[in-house]
Amino acid sequence: MERYYQKEIETASREEIRAIQTEKLKKQVQHVWNDVPFYRKKMEEAGVTPDDIQSIDDLCKLPFTTKDDLKEQYPYGLLGKPLKECVRIQSTSGTTGKRVVAFYTQHDIDLWEDCCARAITAAGGTDEDVCQISYGYGLFTGGPGLNGGSHKVGCLTVPTSSGNTDRQIMFINDLQATILCCTPSYAAYLGERMKELGYGPDDIPLKAGIFGAEAWSEEMRHDIEKTLGIKAYDIYGLTEISGPGVSFECSQQQGMHVNEDHFVPEIINPKTGEVLPGGEQGELVFTCLDKEAFPLMRYRTRDICVLNYEPCACGRTHVRMRKPMGRTDDMLIIRGVNVFPSQIETVLLNNGYPANYQIIVDRVNNTDTLDVQVEMTPEMFTDNIGEIADRQKVLVDGLKSMLGLKAKVTLVAPKTIARSEGKAVRVIDKRKI
Ligand code: DLL
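Heads up: the sequence shown at position 35 corresponds to 22 in my numbering, and the numbers run straight through without jumps.
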């Protein structure tokens, strides 16, 4: 049995990691200064030259890159290599404005797949596993990234992509898939469907799942683990920085190790840009240390996160990031109250509802309204109006105490909220603000 564990780098001392980062950062700053006019201009405006960057501690001297910069520079403005050296693009599903298009050289693909291979290994994967990849393939990074990682580990890779749920289940059973990679909402749906078809957790060959691309709560993790009889691992990433595998969970399930030899994370105060110490919550920022074609520097992700530099019991020394539970830009402000969709999800799951819900925000007569539509399980389903009203009241009270806000809750029949094969659409904001 072969394991793809890169012990030397994944358990390097903090001093060794800093030395690697310093060496790579100096080279990378020179690369963007020489090859990307956009960065040279930004650095000149900030009064910084490559000579000012002598160690990883000087990272904070560099200017930030934002999503607006990416939009303005679309499509080629941030290219760090001639197009003829690029071998792939991937893109976000952005619905408004221009989407993000990220470029990769073969070197960039190799390092990205390497990160995904580390994630699969941390979830217990070896060359004896059958890894079914039910993330979308195509422009979305989920399928291609984990596909490459699975090859590197030597797993038998089953590239089902998303959708066609009954065929997914057939492959899981017929090929005895042991690792499932997909979004947590699709994993929950697959679990629901398998249960409906009569499979208990012990009948399902899967042992692990690698779920990410969207926020999910601990309660949802426990539900999925119970239904599928697996251990569920979180994985994080974003197209701009490469895709899945920027960070991943280990067996301890206490935060995701950032692949710090490739990406340096920082937490900043989103209002002032000030760098915050470990343990404090703020906006997550990444610098790519060795990407060639799309070398983002101090990229503001808009994900709200916390970094933890404490040693991890798994032996890995790379810093861990907490599950990002909100974004600086998807936080809803309802009647002046900050609301994270994940808080609503927690109330629902704590009350025994599956994570099939939709949050509808509107503005009526200048007042914000919050309507949460929640699917009942088949066991709960009833046409007794009094019973439904009682159930709704329990949720209204739960939401009030979690958010400090009165919400309208509507319970709907099982399977009436549209299922997603990719990222779930949880929030519909109808306000024109
Ligand atoms: O979602 C890459 C990915 C694919 C990650 C498969 C994991 C698995 P984008 O479509 O560019 O890339 O979306 C990136 O999704 O900034 C976060 O807001 C969110 N996100 C990604 N992973 C997680 C996670 C892919 N594990 C954006 N938990 C990021 C919470 C996540 N949010």
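Beta carbons are placed, not taken as given, at the ideal position from N, Cα and C, and that holds for glycine.
All values derive from a computational prediction rather than experimental measurement.
Three-state secondary structure (DSSP) at residue i?
i, result
"residue 354", "strand"
"residue 287", "strand"
"residue 266", "coil"
"residue 244", "strand"
"residue 182", "helix"
"residue 308", "strand"
"residue 277", "coil"
"residue 337", "helix"
"residue 480", "In this structure the chain extends from -12 to 420, so residue 480 is not present and cannot be described."
"residue 53", "coil"
"residue 327", "coil"
For residue i, I'd like the list of residues in its chain whose CB is within less than 7 Å of its CB, leaving aside the five on either flank, ordered along the chain.
i, result
"residue 9", "42 and 43"
"residue 321", "348, 355, 357 and 392"
"residue 82", "Reliability fails at residue 82, whose pLDDT of 38 lies under 50, so the model's placement of it is uncertain and the value that follows must be treated cautiously. Closer than 7 Å at Cβ, skipping near neighbours: no residue."
"residue 45", "39"
"residue 0", "304"
Taking just the CA atoms, how far does residue j sit from residue i?
i, j, result
"residue 238", "residue 194", "13 Å"
"residue 206", "residue 148", "26 Å"
"residue 228", "residue 249", "10 Å"
"residue 386", "residue 397", "13 Å"
"residue 203", "residue 145", "25 Å"
"residue 112", "residue 272", "29 Å"
"residue 416", "residue 133", "32 Å"
"residue 126", "residue 377", "45 Å"
"residue 302", "residue 399", "46 Å"
"residue 142", "residue 110", "13 Å"
"residue 16", "residue 34", "14 Å"
"residue 98", "residue 257", "29 Å"
"residue 295", "residue 251", "13 Å"
"residue 276", "residue 285", "10 Å"
"residue 405", "residue 359", "14 Å"
"residue 31", "residue 12", "18 Å"
Quick check on residue i: buried or exposed, where buried means 16 or more other Cβ atoms within 10 Å of its Cβ?
i, result
"residue 297", "exposed"
"residue 210", "buried"
"residue 63", "exposed"
"residue 324", "exposed"
"residue 403", "exposed"
"residue 166", "buried"
"residue 388", "exposed"
"residue 343", "buried"
"residue 366", "exposed"
"residue 131", "buried"
"residue 163", "exposed"
"residue 150", "exposed"
Go through its chain and collect everything with a Cβ distance to residue i's Cβ below 8 Å, but skip five positions before and after it.
i, result
"residue 25", "56, 60, 64 and 65"
"residue 260", "51"
For residue i, collect the residues of the same chain with a Cβ closer than 6 Å to its Cβ; drop the 5 residues on either side in sequence, then sort them by chain order.
i, result
"residue 339", "none"
"residue 27", "20"
"residue 115", "-12"
"residue 350", "418"
"residue 268", "293"
*asked:* Can you confirm whether the segment 97 to 106 touches the segment 240 to 249 when touching is taken to mean that 3 or more C-beta pairs between the two stretches lie within less than 8 Å?
replied: Verdict: yes, contact present.
*Given 8 Å as the limit, is there contact between the segment 66 to 73 and the segment 270 to 285, that is, 3 or more CB pairs closer than that?*
Because the criterion of three Cβ pairs below 8 Å is met, the segment 66 to 73 and the segment 270 to 285 touch.
*Determine, using beta-carbon pairs with one atom in the segment 305 to 318 and one in the segment 173 to 180, whether at least three such pairs fall under 8 Å.*
No: fewer than three Cβ pairs fall under 8 Å.
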